[in-house]
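For reference, the structure is listed below as structure tokens.
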Amino acid sequence: TFLAGKEKISKEEAAKKVLIVTSSRQHKNNIPIVRRVDSTGNPIEWITSVSMLTEGWDVKNVFQIVPHEERAFNSKLLIAQVLGRGLRIPEAYRGDQPVVTIFNHDRWSGRIKHLVDEVLEIENKIHSYPVEKIEDYNFNLYNINYKRIEEEVEYPQNGPYKLLKKGYVSYSSQDETLKKNTTYEKAISGERDTKKTLIEFKMCSVDEAVNEVSNKIRSIDMDLNTKYSEEFDKKKLKKIIKKSLEKIREKEDKVSESNLQKTLQAFGVVYREKAKSLRFKIEAQNLIK
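Residues in the sequence shown are numbered from 65 upward in steps of one, following my numbering.
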């Protein structure tokens, strides 16, 4: 849907440009297609994979890689394999040295930089040398070793949930567009370049949001044999959504995709038969050096 809207093409045309590669049976037939992605005239432009960027995944015409989760970069082996997908050059390529761009999430980019540097053999060497002992200040320090014990407590749900007592959902501020600065850093030289990108967010009208939430509640009633749709009819849902927008001082009758998901999640709690909470007990153990 995003690709179709961004490039202003039909969903069918957009689907031809995307290849999903996972270990699921549903996508099993897509794995052989990967070998033909580099062929001239192949329409595939985007490959979405789940833990498939490993050795043997041979696509040479890759110029940007976007990891979705932190686990894609939680080991040197994975980094080497992921980078290896984009560091191969197509055989027919005859031009300047190509560049592969790796997009990192701000929250973990700093933590993985040293791993990337190590894979690319970018390192600082530390030299050590012995020093003469001056004073005899060496002695053992003892600390108490504490053991943390997890204890799970369950609270069964009796009767229907009392949903949205406040009469609104806590929305986040929303904008249809956002200008964001993206900093690109060359791995070898460390040279940085900042570019501004205009990000467009998917929005829907209040009525469209009401219909989607209403359908969700009816689905819940059918699954759980409940009557939440009687309590939350479309009129009440519209009132809740409008009040939620007022709380963030939103004047237009539009709801962002993230705020729509928050509204849907407000009703997802009804699937829980029990509430669980995790408690921790601390026990003192032996002394350790």
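Virtual Cβ for every residue (Gly too), placed ideally from N, Cα, C.
CB contact flag (Ile213, Phe344, <8 Å): Position 149 of the sequence shown holds residue 213. Position 280 of the sequence shown holds residue 344. Closer than 8 Å, so yes.
Member of Lys250, Thr246, Ile190, Pro220 whose CA lies at the smallest distance from the CA of Phe259: Translated into positions along the sequence shown, residue 259 becomes position 195. It is worth fixing the name first, because residue 259 is Lys in this sequence and not Phe. With distances taken between Cα atoms, Lys259 lies closest to Thr246.
Chain-order list of residues whose beta-carbon lies under 7 Å from that of Asn94 (same chain, five-residue window excluded): Here the question's residue 94 lines up with position 30 in the sequence shown. If we look at Asn94 and ignore the five residues flanking it on each side, its Cβ neighbours are Leu83, Ile84, Val85.
The beta strand (DSSP E) enclosing Val85, as first and last residue numbers: Counted from its first residue, the sequence shown places residue 85 at position 21. First-last of the beta strand (DSSP E) with Val85: 82-85.
3 or more residues per run - each beta strand (DSSP E) lying fully within the segment 293-337: 318-320
Where Tyr206 falls, given that 16 or more other Cβ within 10 Å makes a residue buried: Mapped onto the sequence shown, residue 206 falls at position 142. Tyr206 should be labelled exposed.
Simplified DSSP state of Asp257, which is helix, strand or coil: As a first step, residue 257 is located in the sequence shown; it is residue number 193 there, counting from the start. Here Asp257 sits in strand by DSSP.
Reference Glu276, options Ser341, Gln329, Lys75, closest by Cα: Start at 1 with the first residue of the sequence shown, and residue 276 comes out as number 212. Considering only alpha carbons, the answer is Gln329.
Close beta carbons around Glu109, own chain, < 6 Å, minus the five adjacent residues each side: Taking the first residue of the sequence shown as position 1, residue 109 is located at position 45. Cβ within range, chain order: Lys81.
Environment of Val233 [buried if 16+ CB atoms lie within 10 Å]: Locating residue 233 in the sequence shown gives position 169, counting from the first residue. Classification for Val233: buried.
CB of Phe265 within 8 Å of CB of Glu321, strictly: By one-based count along the sequence shown, residue 265 stands at place 201. By one-based count along the sequence shown, residue 321 stands at place 257. Result yes, Cβ atoms of Phe265 and Glu321 sit closer than 8 Å.
Identified DSSP bridge partners for Val217: Sequence index remark: in the sequence shown, residue 217 carries index 153 (1-based). Note: Val217 sits in a beta bridge opposite Ser341.
Where the beta strand (DSSP E) containing Asn245 begins and where it ends: Reading the sequence shown from its first residue, position 181 is the one you call residue 245. Taken as a continuous stretch (DSSP letters only), the beta strand (DSSP E) holding Asn245 covers 241-249.
Helix, strand or coil at Lys75 according to DSSP, with G and I counted as helix: For the purposes of this step, residue 75 is taken as the residue at position 11 of the sequence shown. Here Lys75 sits in helix by DSSP.
Bounding residues of the alpha helix (DSSP H) (the contiguous stretch that carries Ser283): As a first step, residue 283 must be located in the sequence shown, where it is residue number 219. Ser283 -> alpha helix (DSSP H) spans 270-288.
3 or more residues per run - each beta strand (DSSP E) lying fully within the segment 191-216: none
CA-to-CA distance, Val274 to Ile97, given in whole angstroms: Along the sequence shown, one-based indexing puts residue 97 at 33. Along the sequence shown, one-based indexing puts residue 274 at 210. Cα to Cα, Ile97 sits roughly 40 Å from Val274.
Ile111, enclosing beta strand (DSSP E) - first and last residue: Taking the first residue of the sequence shown as 1, we reach residue 111 at position 47. Segment 110-113, the beta strand (DSSP E) holding Ile111.
Burial state of Leu309 (16 or more Cβ within 10 Å): One-based indexing of the sequence shown puts residue 309 at position 245. Buried.
Simplified DSSP state of Asn94, which is helix, strand or coil: Against the sequence shown, residue 94 aligns to sequence position 30. Three-state result, Asn94: helix.
Interface flag, Gln329 vs chain B, CB-CB below 8 Å: Absence of chain B from the displayed structure is noted, only one protein chain being present.
For Leu227, three-class secondary structure by DSSP: Here the question's residue 227 lines up with position 163 in the sequence shown. Coil, per DSSP.
C-beta atoms of Ile263 and Lys280 nearer than 8 Å: Here residue 263 refers to the residue found at position 199 when the sequence shown is read from its first residue. Here residue 280 refers to the residue found at position 216 when the sequence shown is read from its first residue. No, they are not a contact pair.
Chain-order list of residues whose beta-carbon lies under 6 Å from that of Leu26 (same chain, five-residue window excluded): Lying before the first or after the last residue shown, residue 26 is absent from the chain, which here runs from 65 to 353.
Supposed contact pair Phe127 and Pro162 - C-beta distance, whole angstroms, cut 8 Å: Taking the sequence shown and counting its residues from 1, one reaches residue 162 at position 98. Taking the sequence shown and counting its residues from 1, one reaches residue 127 at position 63. With a Cβ gap of about 7 Å, Pro162 and Phe127 count as contacting.
Whole-angstrom distance between Lys326 and His91, CA atom to CA atom: Locating residue 91 in the sequence shown gives position 27, where the first residue counts as 1. Locating residue 326 in the sequence shown gives position 262, where the first residue counts as 1. Roughly 30 Å between the two C-alpha positions.
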